[in-house]
Amino acid sequence: MALKANDFLTSSAPARHEVDTPAGKLVVYVRPLSWLQQQEAISKFVDFAMDEDAGEVIPSVDFGGYWGYILTHCITDTEPKIPKRDLRNLSPEVGAEVMKVLPGLEDLMSALSVGEDGEPAPLE
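Taking numbering that gives the first Met the number 0, I'd label the letters of the sequence shown as residues 0 to 123.
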């Protein structure tokens, strides 16, 4: 079987998920992230800054930046319709249920971690 260029690309077809939330059923269409988008999502989560006084690199963690990126880049549509600009305003209870069908930080970290044998490295 001959390989085609599409065999090397991320699918742009979103997967349909029915999410039971405290407010009712929400249908969410989730598109997978490309390799570059995975890198961008991680960069929204952690940033490194130099502490001038201590001479150390200090990580700064931003869960909101990560989930904001994931919500706006992975969710292509919802039923009922929620505009992209309003996805950042989900209630905590609804957001907790929706995040179960979105790429989690552990998923991205394990996808980006490669061991010496070329296989994904286990998270510790």
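Glycine included, each C-beta is placed from N, C-alpha and C at the ideal position.
Neighbour-count burial assignment, residue i, 16 or more Cβ in a 10 Å radius
i	result
ASP6	exposed
ALA40	buried
LEU89	buried
PRO79	exposed
PRO58	exposed
Residue range of the unbroken beta strand (DSSP E) whose run includes residue i
i	result
PHE47	45 to 50
LEU23	Here residue 23 turns out to be Gly, not Leu, going by the sequence shown. Per DSSP, GLY23 belongs to the beta strand (DSSP E) from 23 to 29.
VAL56	55 to 60
Beta-carbon separation (whole angstroms), residue i vs residue j, contact threshold 8 angstroms
i	j	result
TYR28	THR71	Not confirmed; about 13 angstroms, so no contact.
SER11	ARG30	6 angstroms
VAL18	VAL97	6 angstroms
VAL100	PRO21	In fact, because the Cβ distance is near 16 angstroms, the residues do not count as touching under 8 angstroms.
Neighbourhood of residue i by C-beta distance below 6 angstroms, restricted to the same chain and skipping five residues each side
i	result
THR9	PRO31, SER33
ALA14	VAL29
GLY63	none
VAL60	VAL45
Cβ-based neighbour list, residue i, same chain, cut-off 7 angstroms, excluding 5 preceding and 5 following
i	result
LEU86	LEU70, THR71, ILE74
Sequence-distant residues of its chain with Cβ nearer than 8 angstroms to residue i (five each side left out)
i	result
HIS16	VAL26, VAL27, TYR28, VAL29, VAL100
- If we count Cβ pairs, one from each stretch, closer than 8 angstroms, do we get three or more for the stretch 19 to 27 versus the stretch 63 to 70? no
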